[in-house]
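Beneath this line is the structure, given in structure tokens, with notes to follow.
Residue numbers (my numbering): 3 to 233.
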């Protein structure tokens with residue numbers, strides 16, 4: 003009987019030790035996993051923000067349909083100015099500007115008379131506008147037409163996508179129209195396979211502070227320069 007009692011006592015002590023260890027290690031492991039996954043989620047959000055900002059620059063609004071945003075990236079182009087040469091301090095002090103210099107060169111190209119260009123020392127000055135495919139211009143070869151679609155999927159979410167919403171009706175107190183966008187990934191999507199209680203506690207804590215319980219950039223209620231809530 004004593005042997006049975008001692009065995010049960012030893013098992014109980016082992017179980018209590020296990021519970022104590024897990025009570026300490028569970029939140030530590032949860033936070034470690036959260037930190038690792040955040041980096042991947044943020045990377046996609048940054049790339050999506052780059053795409054949304056470029057879409058607005060070319061179209062005057064943001065895009066809520068992320069499939070259409072990917073099509074824009076695959077087929078669009080970005081105009082960029084290739085610069086050769088720079089105006090010296092002496093040229094600037096004389097009243098010469100880049101705009102004036104470009105006009106002088108354009109005039110010389112049309113007329114074949116380069117005397118004014120030479121007189122102003124603009125022989126090595128050149129400004130050309132070229133069109134570059136968006137994927138190359140924005141991401142410098144990191145993505146191709148196939149892989150760019152990967153930025154739509156939230157890492158560690160079992161295929162779930164980022165949620166994008168826009169507000170095209172916002173106006174400032176001065177009556178200035180400002181399009182707004184918000185792209186987000188809830189904690190439940192990329193921490194859904196982690197400890198339930200730790201995740202619930204995290205969400206509850208963020209909501210009580212008035213924060214979005216996850217990662218996002220932008221805000222459809224007020225302009226914030228498309229800042230990410232991790233910044």
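We put the CB at the ideal spot given by N, CA and C, even for glycine.
All figures in this text were calculated on a predicted structure; none of them were measured in a lab.
Quiz item: For residue 233, which residues from the same chain have a beta carbon less than 8 Å from its beta carbon, with the 5 sequence-adjacent residues on both sides left out?
Solution: Here the set comprises nothing.
Exercise. Tell me whether the beta-carbon of residue 100 lies closer than 9 Å to the beta-carbon of residue 129.
Key: Taking a C-beta distance under 9 Å as the contact criterion, residue 100 and residue 129 qualify as a contact pair.
Quiz prompt | Distance between residue 181 and residue 64 (C-alpha atoms, nearest Å) | solution = 7 Å
Exercise. To the nearest angstrom, report how far apart residue 173 and residue 57 are at their CA atoms.
Key: 20 Å
Self-check item: Among 193, 66 and 140, nearest to residue 48 - alpha-carbon criterion
Solution: 140
Quiz prompt | Cα-Cα separation, residue 193 to residue 160 | solution = Cα-Cα distance, rounded: 11 Å.
Quiz item: CB-CB under 7 Å to residue 98, same chain, minus the five flanking residues each way: which ones, in chain order?
Solution: 89 and 122
Quiz item: How many angstroms separate the CA atom of residue 35 from the CA atom of residue 156?
Solution: 15 Å
Quiz item: If you draw a straight line from the alpha carbon of residue 108 to that of residue 132, how long is it in whole angstroms?
Solution: If you draw a straight line from the Cα of residue 108 to the Cα of residue 132, it comes to about 16 Å.
Practice problem: Starting from residue 72, trace the alpha helix (DSSP H) both ways and give me its first and last residue. | Solution: 68 to 77
Exercise. Look up residue 184 in the DSSP assignment and say whether it is helix, strand or coil.
Key: strand
Self-check item: Three-state secondary structure assigned by DSSP to residue 96
Solution: coil
Quiz item: In this structure, what does DSSP give as the bridge partners for residue 173?
Solution: 179
Quiz item: According to DSSP, which residues form a beta bridge with residue 81?
Solution: 133
Quiz item: Per DSSP, which one or two residues make a beta bridge with residue 113?
Solution: Note: residue 113 sits in no beta bridge, so no partner.
Practice problem: Tell whether a beta-carbon distance below 9 Å holds between residue 75 and residue 137. | Solution: yes
Practice problem: Inspect the beta-carbon positions of residue 208 and residue 187 and report whether they are closer than 9 Å. | Solution: A distance of 9 Å or more separates the beta carbons of residue 208 and residue 187.
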